[in-house]
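Contents: one structure, followed by commentary.
There are 4 protein chains.
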Amino acid sequence: MGDLLGVAVLGAGHMGADHIRRLDQAVSGARVVAVADPETERAEEAVAGIEGVVVHREALAVLDAPGVEAVLIASPGPAHEEALLAAFARGLPVLCEKPMVPDPAGALRVVEAEARLGRRLAQIGFMRRYDAEYRRLKSLLDAGALGRPLMLHCTHRNVSSPPYFTSDRLVDSSVSHEIDAARWLLGQELTAVTVIRPAPSSAAPEGLWDPQFVVFETEQGALVDVEVFVNCGFGYQVRCEAVGETGSARIGEEHGVAVTAAGGSRLEVPQDYLVRFADAYDREVQAWVDATRRGEVTGPSVWDGYAASAVAEAGVRSLHGAGRVTVDLAERPALYAEPGS
Amino acid sequence: MGDLLGVAVLGAGHMGADHIRRLDQAVSGARVVAVADPETERAEEAVAGIEGVVVHREALAVLDAPGVEAVLIASPGPAHEEALLAAFARGLPVLCEKPMVPDPAGALRVVEAEARLGRRLAQIGFMRRYDAEYRRLKSLLDAGALGRPLMLHCTHRNVSSPPYFTSDRLVDSSVSHEIDAARWLLGQELTAVTVIRPAPSSAAPEGLWDPQFVVFETEQGALVDVEVFVNCGFGYQVRCEAVGETGSARIGEEHGVAVTAAGGSRLEVPQDYLVRFADAYDREVQAWVDATRRGEVTGPSVWDGYAASAVAEAGVRSLHGAGRVTVDLAERPALYAEPGS
Amino acid sequence: MGDLLGVAVLGAGHMGADHIRRLDQAVSGARVVAVADPETERAEEAVAGIEGVVVHREALAVLDAPGVEAVLIASPGPAHEEALLAAFARGLPVLCEKPMVPDPAGALRVVEAEARLGRRLAQIGFMRRYDAEYRRLKSLLDAGALGRPLMLHCTHRNVSSPPYFTSDRLVDSSVSHEIDAARWLLGQELTAVTVIRPAPSSAAPEGLWDPQFVVFETEQGALVDVEVFVNCGFGYQVRCEAVGETGSARIGEEHGVAVTAAGGSRLEVPQDYLVRFADAYDREVQAWVDATRRGEVTGPSVWDGYAASAVAEAGVRSLHGAGRVTVDLAERPALYAEPGS
Amino acid sequence: MGDLLGVAVLGAGHMGADHIRRLDQAVSGARVVAVADPETERAEEAVAGIEGVVVHREALAVLDAPGVEAVLIASPGPAHEEALLAAFARGLPVLCEKPMVPDPAGALRVVEAEARLGRRLAQIGFMRRYDAEYRRLKSLLDAGALGRPLMLHCTHRNVSSPPYFTSDRLVDSSVSHEIDAARWLLGQELTAVTVIRPAPSSAAPEGLWDPQFVVFETEQGALVDVEVFVNCGFGYQVRCEAVGETGSARIGEEHGVAVTAAGGSRLEVPQDYLVRFADAYDREVQAWVDATRRGEVTGPSVWDGYAASAVAEAGVRSLHGAGRVTVDLAERPALYAEPGS
């Protein structure tokens, strides 16, 4: 296809370092030309062995480095709004990790900024849309193979939560994946949310409400329920069953190698999302590189990022005792298609 | 073990006729000696080929027929209270189909009547407690293999509902199985219920709210959610996943013969509860006959029947817009153990 | 159906005691009236709690006991020929455990004796024909759902072998089940056998050739291969995949409760054939009692017993270095239908 | 990692065109600089949109084109020997599709030529070694999780065979994958082969012996059996069960999205090897590009290619009536490790 796309990566933490490796070794058509991280040491470490990469502690300095043609934002969520607006100002295509902008007001400012440009520049990192099983489920739903969708039953389990995790994070970080996946699979906005929670697991850190059970309603009357349990102890499980008027379909079931020994037959469960969704991340970034080189912007939009933030914020209010909370979205600019299209 | 137990069967409809066949051909140690049904013709038909059976249109006449040592009640729910009280008056052991007594007040009168006797005479027909998979799940929970239980995710689907079915019946008839199973599996009473429902399936008859989604809370803070969908069109599916602090376990997954042909691998789904739970019905009735011949009463009690009615009645109120409804149970007489024991 | 069928049971060992319990507690329409075992003590133990049972050390004495209307033979294989001929002489219906008669010559004498009677009296205990999964597979094959059958791939694994087991027993005892199942599923005689064996497992007792791999050919050119591994250590597994011209179907896959904990999802594997085939044994004996009370004889015939012995004997010769060995069956008397019908 | 590796691709047919697309769009670190095909039109078509590619009808001309640093051979098998020797003469690293060289004598000449160089230049395209499930199975075996391996049960099914397919091709083309996989998984050479075949399926073209059943023996006494059925009609299925002294493990089971509708639960079966092994091909070529850029040669060697040809040739002789045929391999040059290492 010609020359390699020059990419600036903002953030060289866990996720950023993984994306740098991905762009260098797994994805075709791009090369990392600049990396920003306040801790420049870890940025240097992440680019060891890659030639000619500018490393700087300031994100904005890196956006203006020579050869930068596109930006991948993997810095912490609170830094995203400024980075996105800076990329827009320079006309640079962006792939921005989720959450796009954690608070709905900031997220809406990003929507309005891009809408003013009159063209899309940003793709948001909801990587499940690139997972083979999710795509198959979406195509089944779109083809009407299950009839009109009535319910989605979702499970989101992690082995354990990081030390800084709070009860709110189960909704606005963990469940935000299900929020986007549900909007995309159903092609509908979520209009209300009710969080119910059992007595916390004794495996959860003191004070963390884990697990939680979240029920969403959609604009056409479907239900989406999510078990989120981030200290389940036994594996990383992301499952979804879609129930339609004429059939149901399930993804995320255990598979792989069935080992039978000592009285049981065993299927492995992945322990980590970077294992479960490794291919989805590769496809996501490859799709972004390919589209960018063609001069196009595809994938989840900043509207999707905003809607996820708004729904999550309503969920957090429900978690804190508000019962059923309705979601009030701003008006969708014409630039953005309906969810799922 | 000696002579055969003489059983009177009240009701010779779908369920009653099946029990008559079961007592005659599948169960050891009992024989049908009398059958009551207002339509004596179908009673005669049900006992064709069995020798020496008294058939009468009146239930009470049949209870007093010679050789009657125990009663199996399979008549319509509204007739159960009178039949149970009559059996109690005669000191006859009873196996009573569910719902024991549809309205909680009547159910409580049965509890009080048996409690006054000071000994149990009745076993209630919650046959899932005799299903091999449910029993395995119960033994896993009781052994602590999953840690303290946090959630039960349940699915209850039928191909189609009978013509007389109403929206309330999804809760007080279909879900009553899950109500009892949850109480038994968890060993806890259900204390609150919230019914949320999606826009009805177009496959449901006009006016029927189908599917529904029901969330129960328990006295120790576990959650139980149930998808009930009685016009799903594709099969009879009863599934349950128990999620504990250290593991999860699922029952009711499709199994049987995997047939691979023409691009897919296919597992059959049973179409009917008499297929799915055929063995459970056999074991239930066999267990009742065996216990009765030993002079014992085991299995689900009238308290379990009452609790199911009371929870179901709260669920129906929630369905009609009452939001989250708490369940108020009468005080449990000392005769009855805690749920699940 | 009237009075209970009086059954004499020959043999009160592991299998015999299980059948006595089954006739007493699980099967409808029969009662045990006499039991023979050289060790009368274990016979007495097996009938404890059952009233009015004659116990004797001599099988023939028991056949003539009062009330004996049918015979269940569960004594060791070498005693079967005499017992079968004695039952035939008395016109008594028989259910005879497998192997019917271990050596083909003796088995053929039983065939000839029954053929001279001109009517069937004996059913042979190939209980897999009564297993729900095998029956489903048979019905798929008979309905043509897989097209003409080309191959059966079979697995037969035990946790460990009893101390007296020899290398020949893997073929003539363990694999005899697959021999009968293949003849029945395919409706064809087996015409040749080749045994190939890997280096024995170190888990096998010194000198035991375990596992073995056995390939049968049928009269219409299908192949049947069997892995037999009786010291596999991890469970009792009986699997069969039928491959036809248009599809394949598998039975015997692990199912039951899927437990997910600590990094894996686990399905239990039964450890014992009395667990795996508990229902099949119940159905087999019930079917025999029911047919006998109707005055009929159904199920596997003495011809099936003879054919299994003849094929197994050829297999043993192949195991001892004879390469591919063809099977020479006697001519089938008109009394016996083709295999599988 | 620096500059992109310049690759010449020989052959622009089905497989070659797929590799060209892969190098251009899916693999990182390489670019296609030259393509040879006698039909230059289809070569031009395969490189449409890629800049600066030399296209020529002669393979040798292309090897000498500017910028060629490595060669991917995807031409028909009979052309491989000359191409490999030409690459060796130029010191070019090679990835050669299987079969490396169809006849064992020619394959041995390639082994000897590379051995004379004293260093490896070629990787052979047994892509299953790069499939995630196969790798997991290999790691289980190497870790001793199943104990010493005793048997491999393999299935290799295609929907239909191409028009030019012959009975020999089932062994020397289709089964050659299992030959290499078995050698690699077990770390042992195959020493004997017996082909048994059922009456052909009526779905197979006239004269084609399909299916076949192939049994291999290994140098340490393990057994490998393979069902190969290339006109099964229902899907592309590659399965392998490894049975060891303490456990068994299976790969290739159907997975993906389980759809339940109309009486059954269905898993899709892929129809094509390019679907089933898409990721394995990507990983194979990526691994080759990465190793080549590091100046290394890894993966299956020309000795593996030769051994596969020699075993396949013995299998073809067995198919034509030779019964059990032993495999005589040449002496392995010191350059090549044992199988599987």
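Keeping their order, the protein sequence lines are chains A, B, C and D. No gaps in the numbering here: position 201 of the first sequence is 201 in our numbering, and each next residue is one more. No gaps in the numbering here: position 327 of the second sequence is 668 in our numbering, and each next residue is one more. No gaps in the numbering here: position 187 of the third sequence is 869 in our numbering, and each next residue is one more. No gaps in the numbering here: position 253 of the fourth sequence is 1276 in our numbering, and each next residue is one more. In this text, a Cβ means the ideal position worked out from N, Cα and C, and glycines have one as well.
Query	Result
With a threshold of 7 angstroms between beta-carbons, can R239 (chain A) be considered close to chain C, or not?	no
Beta carbons nearer than 8 angstroms to chain B: which residues of the region 243–263 of chain A have them?	V243, E245, T246, G247 and S248
Write down every uninterrupted run of the alpha helix (DSSP H) in the region 1195–1255 of chain D whose length is 4 residues or greater and which is fully enclosed by it, in chain order.	1199–1209
When the cut-off is 7 angstroms and only beta carbons count, does P831 (chain C) lie next to chain D?	no
R830 (chain C) to F1236 (chain D), Cα distance in whole Å?	17 angstroms
Would you verify that the beta carbon of A1226 (chain D) is, or is not, closer than 7 angstroms to some beta carbon of chain C?	yes
I want to see whether chain B comes within less than 7 angstroms of L208 (chain A), judged by CB atoms only; does it?	no
Leaving aside the five residues before and after S678 (chain C) along the sequence, list all residues of the same chain whose C-beta is less than 7 angstroms from its C-beta, in chain order.	No statement about residue 678 (chain C) is possible, as the shown extent of chain C runs from 683 to 1023 and does not include it.
Can you list, in chain order, the stretches of the beta strand (DSSP E) that have 3 or more residues and sit fully within the region 742–796 of chain C?	752–755 and 776–778
Have a look at D359 (chain B) and L458 (chain B) and give me their C-alpha separation to the nearest angstrom.	31 angstroms
Quick one: what does DSSP say R921 (chain C) is sitting in, helix, strand or coil?	strand
Using three-state DSSP, classify A307 (chain A) as helix, strand or coil.	helix
Which bits of chain D does H25 (chain A) rub up against, with CB to CB less than 9 angstroms?	At residue 25 (chain A) the sequence reads Gln, which differs from the His that was named. In chain order: M1024, S1051, G1052, Q1309 and D1313.
When we look at the beta-carbon of E1354 (chain D) and count the other beta-carbons within 10 Å, is it buried (16 or more) or exposed?	exposed
Please confirm if L5 (chain A) has its CB atom under 7 angstroms from at least one CB of chain D.	no
Going along the region 905–917 of chain C in order, which residues come within less than 8 angstroms of chain A, judged by CB to CB distance?	G915, F916 and G917
Between the beta-carbon of L1028 (chain D) and the beta-carbon of E1092 (chain D), is there less than 7 angstroms?	yes
If you reduce the DSSP assignment to three classes, tell me which class A599 (chain B) lands in.	strand
Could you tell me how far apart the beta carbons of H1179 (chain D) and V1261 (chain D) are, in whole angstroms, since I believe they sit closer than 8 angstroms?	6 angstroms
For R1289 (chain D), which beta-bridge partners are listed by DSSP?	B:R607 and D:V1282
Out of B:G588, B:L426 and B:A583, which one is the CA nearest neighbour of K479 (chain B)?	B:A583
Based on Cα-Cα distance, which residue from B:V373, B:A648, B:A463 and B:D378 lies nearest to I391 (chain B)?	B:V373
I want to verify the contact list: residues of chain A whose CB lies under 8 angstroms from the CB of I537 (chain B), in sequence order.	T194, V215, E217 and L223
By the three-class DSSP mapping on this structure, what secondary structure does T1189 (chain D) have?	coil
Which of the three DSSP states is assigned to P1169 (chain D) in this structure?	Note that residue 1169 (chain D) corresponds to Leu in the displayed sequence, not to Pro. Coil.
Could you tell me whether the Cβ atoms of V668 (chain B) and A649 (chain B) are closer together than 7 angstroms?	no
Under 8 angstroms between beta-carbons, which chain B residues line up against R1289 (chain D)? List them in chain order, please.	G605, S606, R607 and L608
Can you pull the chain A neighbours of A1168 (chain D), defined as C-beta to C-beta under 9 angstroms?	V259 and A261
Taking the alpha carbon of G418 (chain B) as the point to measure from, which residue in B:G646, B:I361, B:V657 and B:A675 has its own alpha carbon closest?	B:G646
With G247 (chain A) as the anchor, note down where its beta strand (DSSP E) starts and where it stops.	G247 to I251
Pick out whichever of B:S642, B:S369 and B:L531 has its Cα sitting closest to the Cα of V630 (chain B).	B:S369
Taking beta-carbon pairs under 9 angstroms, can you tell me which members of the region 631–646 of chain B lie near chain C?	D631
Around the C-beta of D690 (chain C), are 16 or more other C-beta atoms found within 10 angstroms, so that it is buried, or is it exposed?	Sequence check: residue 690 (chain C) is Ala here, not Asp. Buried, by the Cβ-count rule.
Which of the three DSSP states, helix, strand or coil, is assigned to I1147 (chain D)?	strand
Return helix, strand or coil for A387 (chain B), following the three-state DSSP convention.	helix
How many angstroms separate the CA atom of A1303 (chain D) from the CA atom of A1155 (chain D)?	7 angstroms
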